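Participant: Numbering (the numbering used here), first residue to last: 12 to 205. Backbone N, C-alpha and C fix where the C-beta goes; we use that ideal spot for every residue, glycine too. From a predicted model like this one, the values you see are computed outputs, not experimental measurements. Shown below is the structure under consideration.
Shown next as structure tokens:
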């Protein structure tokens, strides 16, 4: 009887305590991560546009960083400050857009600047070249009576991909007009600078 009591005593003691834990299989380096660090990118600024400006298929954004209404300067900046800022003088803000031209390996930045005279839009076209923003053509303006909202202000010349066709407004005397003048829309084909 003593051996039976001893055996029961051992069974009771061995069954007490916590149950054996199941082993979890660890896939990877063998060290479970308790806390994962999540890095949140800051949100894109309002009005930012994303494009492949440097031709390497890695897009980044550009945005209007600052509008100095006292000095009349609009500053355009880029994601991560990885490229120099663009300052547009005599402007009170801008709307950014991209243009893709056949024969050019990257997107171009089109800035439609707001001027003191709100009857005009002024356009600036830039290309990123050797980590510097270069104007593709000189800035040009279109009067609102020439419907710049429906007009594509600049495009590649169909017969020569090294040139662009741009539209612009000129003051024209007109005896038949109530005001004695009108804004005439002209176009010209010019070589790209960069």
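1. DSSP three-state label for residue 220, please.
2. Hey, out of 134, 118, 119, whose CA is closest to residue 125's CA?
3. For residue 185, collect the residues of the same chain with a Cβ closer than 8 Å to its Cβ; drop the 5 residues on either side in sequence, then sort them by chain order.
4. Residue 69: buried (16+ other C-beta within 10 angstroms of its C-beta) or exposed?
5. Using 8 Å for Cβ pairs, my map puts residue 200 next to residue 176. What's the rounded Cβ distance?
6. Counting only the same chain and skipping the five closest in sequence on each side, list residues whose C-beta sits under 6 Å from that of residue 150.
7. Roughly how many whole angstroms lie between the Cα atoms of residue 161 and residue 153?
8. For residue 182, count neighbouring C-beta atoms within 10 Å of its own C-beta (all shown protein chains included) and say buried if the count is 16 or more, exposed if not.
9. Note down the Cα distance separating residue 83 from residue 145, rounded to an integer number of angstroms.
10. For the putative contact between residue 96 and residue 85, defined by C-beta atoms under 8 Å, what is the C-beta separation to the nearest angstrom?
11. From the DSSP output, which residues share a beta bridge with residue 135?
12. How big is the Cα-Cα spacing for residue 71 and residue 91?
13. Would you report the Cα separation of residue 129 and residue 49, rounded to the nearest angstrom?
Facilitator: To lay it out plainly:
1. One cannot answer for residue 220 here, as it falls past the ends of the chain, which runs 12 to 205.
2. 134
3. Result list for residue 185: 191, 192, 193, in chain order.
4. Counting the other CB atoms within 10 Å of its CB gives residue 69 a total below 16, which places it among the exposed residues.
5. 5 Å
6. If the five residues before and after residue 150 are omitted, its C-beta is found closer than 6 Å to the C-beta atoms of 133, 135, all from its own chain and listed in chain order.
7. When only Cα atoms are considered, residue 161 and residue 153 end up about 12 Å apart.
8. exposed
9. 21 Å
10. Separation of the CB atoms of residue 96 and residue 85 is rounded to 10 Å, and the pair is thereby denied contact status at 8 Å.
11. 122
12. 9 Å
13. 46 Å
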